[in-house]
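A.B. asks:
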Amino acid sequence: MKAIVISRPGGPEVLELREVEDPVAGEGEVLIKVVATALNRADVLQREGRYAPPPGNSLYLGLECSGIIEAVGPGVSKWKAGDEVCALLGGGGYAEKVNVPAGQVLPIPKGVSLRDAAGFPEVACTVWSTIFMMVHIKKGESVLLHGGGSGIGTFAIQIAKTKGVKVFITAGSDEKVKECIELGADDGINYKTEDFVERVKALTDGKGVDVILDIVGGPYVNRNLEALGKDGRLFILGLQGGPKGEINLGPIIAKRLTITGAGLRVRTVENKAQIVQEVLEHVWPEIEAGKVKVVIDKVYPLGKAVEAHRALEGNHFGKILLTP
Numbered sequence: 001m002k003a004i005v006i007s008r009p010g011g012p013e014v015l016e017l018r019e020v021e022d023p024v025a026g027e028g029e030v031l032i033k034v035v036a037t038a039l040n041r042a043d044v045l046q047r048e049g050r051y052a053p054p055p056g057n058s059l060y061l062g063l064e065c066s067g068i069i070e071a072v073g074p075g076v077s078k079w080k081a082g083d084e085v086c087a088l089l090g091g092g093g094y095a096e097k098v099n100v101p102a103g104q105v106l107p108i109p110k111g112v113s114l115r116d117a118a119g120f121p122e123v124a125c126t127v128w129s130t131i132f133m134m135v136h137i138k139k140g141e142s143v144l145l146h147g148g149g150s151g152i153g154t155f156a157i158q159i160a161k162t163k164g165v166k167v168f169i170t171a172g173s174d175e176k177v178k179e180c181i182e183l184g185a186d187d188g189i190n191y192k193t194e195d196f197v198e199r200v201k202a203l204t205d206g207k208g209v210d211v212i213l214d215i216v217g218g219p220y221v222n223r224n225l226e227a228l229g230k231d232g233r234l235f236i237l238g239l240q241g242g243p244k245g246e247i248n249l250g251p252i253i254a255k256r257l258t259i260t261g262a263g264l265r266v267r268t269v270e271n272k273a274q275i276v277q278e279v280l281e282h283v284w285p286e287i288e289a290g291k292v293k294v295v296i297d298k299v300y301p302l303g304k305a306v307e308a309h310r311a312l313e314g315n316h317f318g319k320i321l322l323t324p
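Anchor point for the sequence shown: position 201 equals 201 in the UniProt record's numbering, and the numbering is continuous, going up by one each time.
1. Expressed to the nearest angstrom, what Euclidean distance is found between the alpha-carbon atoms of Lys80 and Val105?
2. According to DSSP, is Ile152 part of a helix, a strand, or is it coil?
3. Can you tell me where the beta strand (DSSP E) with Ala273 in it begins and where it stops?
4. Beta-carbon within less than 6 Å of Asn190's beta-carbon, same chain only, minus the 5 sequence neighbours each way: which residues are those?
5. If you count every other CB in all the chains shown that lies within 10 Å of the CB of residue 325, and 16 or more means buried, which is it?
6. Checking the sheet assignment: what are the DSSP bridge partners for Leu31?
7. For Lys291, collect the residues of the same chain with a Cβ closer than 6 Å to its Cβ; drop the 5 residues on either side in sequence, then sort them by chain order.
8. Decide yes or no for the touch test of the segment 64 to 74 against the segment 25 to 41: beta carbon pairs closer than 8 Å, at least 3 of them.
9. What do you reckon, are the CB atoms on Val143 and Leu213 nearer than 8 Å?
10. Closest to Met1 by C-alpha separation, out of Glu198, Asp116 and Val98, would be which residue?
11. Along the chain, where does the beta strand (DSSP E) that runs through Leu322 open and close?
12. Lys78: which of Gly303, Glu194 and Glu29 sits nearest, CA to CA?
13. Please report the residue range of the alpha helix (DSSP H) in which Asn222 lies.
14. Out of Ala185, Glu141 and Val135, which has the shortest C-alpha to C-alpha gap to Gly153?
15. The beta strand (DSSP E) that contains Gly261, what's its start and end?
16. Express the C-alpha separation of Asp297 and Lys192 in angstroms, rounding to a whole number.
17. Report yes if the CB atom of Val294 is closer than 8 Å to the CB atom of Gly119, and no otherwise.
18. Does the Cβ of Thr130 have 16 or more other Cβ atoms within 10 Å, making it buried, or fewer, making it exposed?
19. Out of Ala102, Leu45 and Ile287, point me to the one whose CA is closest to Ile108's CA.
20. For the beta strand (DSSP E) that Asn188 lies in, which residues bound it at each end?
21. Would Ala38 and Glu96 be called neighbours here (beta carbons separated by less than 8 Å)?
22. Go through its chain and collect everything with a Cβ distance to Pro54's Cβ below 8 Å, but skip five positions before and after it.
23. Roughly how many angstroms lie between the CA atoms of Asp231 and Ala160, to the nearest whole one?
Following this line, the structure appears as structure tokens:
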């Protein structure tokens, strides 16, 4: 099969389309003929040599895909060859075929095309496992989403609104703020021209938000603590601004704050299957009801992975797909 290979750590130009050995469905796995895969920030880190795949996972990029099951391994009874599916991957989506544990496979939501469904698994599982399963955000609470125009952000805006949560976002331009509000956000903050802490306080009558989903890390940690209200929860999902920051412990004690974080890729197969099942139960119905849609910015053929990565690191809104 053909797959995108990282020739050496570096920029987008190190991605090469090559002929590689076909994967084989092992015990408890299915083999998917890929129709589309979606790009994620973790792909950039792996390409740069800063995020090695967990042991046992494919060395190729790609954390989600959609496609048609070509074969099932021993012990798989839920799926069969010919089923149209999408899947949460530990890697391997940037290829014509990929094998994946059967518990990480999802049916295509009704009303969504097979291609576009590739943009759902990673963001749906990430958002549901963080602010819902771990932080337990609930109806009537408020959330601040950093990076509202990202794949994670555009999905989180929509699913949070369906659950009765008030949503504020930050984004890097007035245009992206406007697009996020059109998608359902209650308000938005251009972090390049506004202080998000002061704006959050103004939007919440000085109380602060209940939950913050952060992708920046160190440089934002104290400002996030300021922006949280009593019993607020900060969930750190990414470290785009760096992993280190000096923390002022005062607000944590004064406001009874909780700081937590987690990655999705490093979870066990069993834990991922549990998350996928919850997504199927709680998120898929909202998608099929038309309340949540995948926001796709651009689509590239697999051989144009270099251009796709440049777009991912540039100005985009929502998801970028690759199609073999």
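Glycine is no exception: its CB is placed at the ideal position from the N, C-alpha and C atoms.
C.D. replies: For this structure:
1. 12 Å
2. helix
3. Ala273 -> not in any beta strand (DSSP E); alpha helix (DSSP H) instead, spanning Val269 to His282.
4. Asp174 and Val177
5. Lying outside 1 to 324, the shown extent of the chain, residue 325 is not represented and no answer is given.
6. Ala71 and Asn99
7. Thr162
8. yes
9. yes
10. Val98
11. Lys319 to Thr323
12. Glu29
13. Val221 to Ala227
14. Ala185
15. Thr258 to Gly261
16. 22 Å
17. yes
18. buried
19. Ile287
20. Reading off the sequence shown, one finds Gly at residue 188, where the question assumed Asn. Asp187 to Asn190 is the span of the beta strand (DSSP E), which, as asked, contains Gly188.
21. no
22. Gly90, Arg265 and Val266
23. 19 Å
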